[in-house]
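Chemist: In the working numbering, the protein residues as written are 7 to 412.
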C-alpha cells in the first residue's frame with residue numbers, strides 16, 4: 007500500500023499541473039502570473055525521480071521530463087510535439103520502441119496489470135529485454151473543466167536495479183539452500199539407519215525428535231528455494247487440462263489424516279456442475295491448496311471444521327474457491343500484511359511457534375501465475391476464509407512468469 011501511495015501522489019500532482027495548464031486559455035490571468043505558474047510546475051515535474059510523460063488525445067507528447075530522458079535514453083527535444091501511433095513503423099530507431107510500448111501497452115509482450123480495467127489510475131508492470139528495463143507505469147487522465155479527457159499523464163518508475171538486486175539475493179538463497187540440502191539428507195539417512203538398531207526407548211525417542219527437527223528444517227529450506235525461484239521468475243510451470251472437482255477431493259483426502267490429529271472435520275461444498283475443467287499446473291496448485299488447508303488446521307480449534315467451497319462465478323470465465331475455518335482468526339491490523347514474506351500474525355506465533363511466514367506468499371504467487379487473485383476475510387477468534395479465483399479460459403493466464411514475485 008505504501009508503494010502505491012508513493013507512486014499515486016506524484017501522479018495526482020502531475021495531473022493537477024497539467025489540468026492547470028489546460029485552463030490557460032479559459033481562465034483570465036495575466037501573462038506574468040501564467041509564466042510564474044508554468045515555471046513552478048515545470049520545476050516540480052523536472053525534479054521528480056520518476057519519469058513523467060504527458061500527451062494529448064492525438065498522442066502528441068507535451069511533457070517529457072529529465073527522468074524520462076534517462077529511463078528511455080532519449081532527448082526530450084526528439085519526442086516533444088511529436089505524434090505517435092499504435093503501429094510501430096519500419097525503420098523506427100530501437101531507442102523509441104520501449105517508449106511506444108509504454109504509450110500503447112497493448113504492444114507489450116510481457117505485462118502484468120496491478121489495477122482493475124477501466125479504473126484510473128491504471129498501473130502496469132512492463133519488462134523489456136533489449137535494453138533490459140523493468141518499469142512500473144501509472145497512467146492518469148487529464149480532464150478539462152467538464153471532465154472530458156483531453157489527454158493522459160504517465161508516471162514511470164524504473165525498477166530495473168531493484169529487481170536486479172532481488173535476483174542477486176535470490177541467487178544467494180538458492181545456492182545456500184542447495185548447500186544445506188546435502189548435509190540434511192545425509193543426517194536423515196544416518197538417523198533412519200540408527201532406528202533399525204536395537205535401541206532403548208529413550209534413545210529411540212531422541213532419534214524421532216531429531217528427525218522431526220530435520221524435517222522442519224528441510225521444509226524451511228524448500229520454502230526458501232521456492233521463494234527464490236518465484237522471485238527469479240523461474241518457479242517453472244507446466245500447464246495442462248485439469249478436472250477441478252476430483253483434484254480438490256484428492257487434496258482433502260490427503261489432508262484428512264492430519265485433520266483427524268487436530269480433531270477438525272473437513273467438508274466439501276461442490277458446485278451444481280458435474281465437471282469443471284481449467285488449465286493449471288496441478289503440482290504447483292496442489293502446493294497452494296495444501297498450504298491453505300494446513301493453515302486452516304494448524305490455527306483451528308478442537309472439534310472445529312474446515313469447509314472448502316467451489317463455485318462458478320456467474321457470467322465470468324472464472325471459478326471461485328474458498329477455504330473457511332473456525333480458528334483463531336487474523337487481527338484486523340495484520341490482514342494487509344498476511345501475504346508478505348516472513349510475516350506471521352502475533353496470535354499465530356503464540357498458537358504455533360513453528361513457521362516461516364513464507365507459505366501464504368508462495369500461495370499468492372501461485373494463484374496469480376494461474377491468472378487468479380486471492381483475498382482473506384477474518385474475525386478474531388471466529389475463523390478465517392481465504393478466497394481465490396482461477397480462470398476457466400486459458401486466455402486469462404499470463405503468458406510467462408514475472409521476476410520479483412509480487
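Glycine included, C-beta positions come from ideal geometry on N, C-alpha and C.
Taking only three categories from DSSP, how would you classify residue 88?
Modeler: The answer is coil: DSSP assigns residue 88 none of H, G, I, E or B.
Chemist: Quick one: using the 10 Å Cβ neighbour count with 16 as the cut-off for buried, is residue 34 buried or exposed?
Modeler: Interpretation of residue 34 is limited by its pLDDT of 47, a score under 50 that renders its predicted location unreliable; no figure is taken from the coordinates.
Chemist: Secondary structure at residue 206, three-state DSSP: helix, strand or coil?
Modeler: Of the three classes helix, strand and coil, the one that applies to residue 206 here is coil, per DSSP.
Chemist: Classify residue 32 as buried or exposed, calling it buried when 16 or more other Cβ atoms lie within 10 Å of its own Cβ.
Modeler: Summary for residue 32: the model assigns pLDDT 45, below 50, so the residue's position carries little reliability, and this model does not support an answer.
Chemist: Rounded to a whole number of angstroms, what is the C-alpha to C-alpha distance between residue 283 and residue 248?
Modeler: Roughly 6 angstroms between the two C-alpha positions.
Chemist: Cutting at 7 angstroms between CB atoms, please list the residues of its own chain near residue 369, excluding the five before and the five after it.
Modeler: Excluding sequence neighbours, residue 369 sits near 294, 297, 298, 380.
Chemist: Whole angstroms is fine: what's the gap from residue 407's alpha carbon to residue 121's?
Modeler: Taking the straight line joining both Cα atoms gives about 18 angstroms.
Chemist: Between which residues of its own chain and residue 2 is the CB-CB distance below 7 angstroms, once the five residues before and five after are set aside?
Modeler: It is not possible to answer for residue 2, since the shown part of the chain is limited to 7 through 412.
Chemist: Which value, in whole angstroms, describes the spacing of the CA atoms of residue 396 and residue 217?
Modeler: Their Cα atoms are separated by approximately 37 angstroms.
Chemist: Let me check understanding here. Comparing Cα to Cα, which of 90, 135, 179, 404 lies closest to residue 68?
Modeler: Per the Cα distances, 90.
Chemist: For residue 413, write down the residues that DSSP places opposite it in a beta bridge.
Modeler: Limits of the chain in this structure are 7 at one end and 412 at the other, which puts residue 413 out of reach.
Chemist: Curious, which full-length beta strand (DSSP E) runs of at least 3 residues does the region 85 to 159 contain?
Modeler: You should have 117 to 119, 128 to 135, 138 to 149.
Chemist: Suppose the cutoff is 7 angstroms on Cβ atoms and the five residues either side in sequence are ignored; what does the same chain contact list for residue 75 look like?
Modeler: Correct list, in chain order: 81, 82.
Chemist: For a cutoff of 7 angstroms on Cβ pairs, would you count residue 68 as touching chain C?
Modeler: Checking the listed chains, one finds no chain C in this structure; it contains a single protein chain.
Chemist: Apart from the five residues just before and just after residue 367, which ones in its own chain have a Cβ nearer than 7 angstroms to its Cβ?
Modeler: The answer, listed in chain order, is 233, 345, 346, 347.
Chemist: Quick one: what does DSSP say residue 163 is sitting in, helix, strand or coil?
Modeler: Residue state, collapsed to three classes: strand.
Chemist: Assuming residue 58 and residue 71 make a contact with CB atoms under 8 angstroms, what is their CB distance in whole Å?
Modeler: About 4 angstroms; that satisfies the 8 angstroms criterion.
Chemist: Just the C-alpha distance for residue 220 and residue 106, rounded to the nearest angstrom, thanks.
Modeler: Straight-line Cα distance between these residues: approximately 53 angstroms.
Chemist: Could you check which residue in 277, 391, 240, 310 has the C-alpha nearest to that of residue 320?
Modeler: The shortest Cα separation from residue 320 among 277, 391, 240, 310 belongs to 277.
Chemist: In terms of DSSP beta bridges, what is residue 283 paired with?
Modeler: For residue 283, which the question treats as bridged, DSSP gives the partners 249.
Chemist: DSSP puts residue 394 in a beta bridge; with which residues?
Modeler: 327, 380.
Chemist: Counting C-beta neighbours from all protein chains within 10 Å, is the total for residue 392 16 or more, i.e. buried, or is it exposed?
Modeler: Label assigned to residue 392: buried.
Chemist: When the Cβ atoms of the region 253 to 265 are set against those of the region 224 to 232, are three or more pairs found closer than 8 angstroms?
Modeler: Taking 8 angstroms as the limit for Cβ pairs, the verdict is that the region 224 to 232 does not touch the region 253 to 265.
Chemist: Run through DSSP, which three-state label would residue 345 get?
Modeler: Reduced to three states, the DSSP call for residue 345 is coil.
Chemist: Going by the DSSP bridge assignment, what does residue 58 pair with across the sheet?
Modeler: Per DSSP, 161.
Chemist: Using CA atoms only, rank isn't needed, just tell me which of 303, 378, 340 is closest to residue 322.
Modeler: Taking only the C-alpha atoms, the option nearest residue 322 is 378.
Chemist: Within its chain, find whatever has a CB closer than 6 angstroms to the CB of residue 273; leave out the 5 residues flanking it on each side and keep chain order.
Modeler: So the list reads 313, once near-sequence residues are dropped.
Chemist: Among all the DSSP beta bridges, which residues are the ones paired with residue 317?
Modeler: According to DSSP, residue 317 bridges with 326.
Chemist: Taking the C-alpha atoms as reference points, what is the distance between residue 163 and residue 358?
Modeler: Distance between the alpha carbons of residue 163 and residue 358 is about 40 angstroms.
Chemist: Starting from residue 368, trace the alpha helix (DSSP H) in both directions and tell me its first and last residue.
Modeler: Its alpha helix (DSSP H) spans residues 365 to 375.
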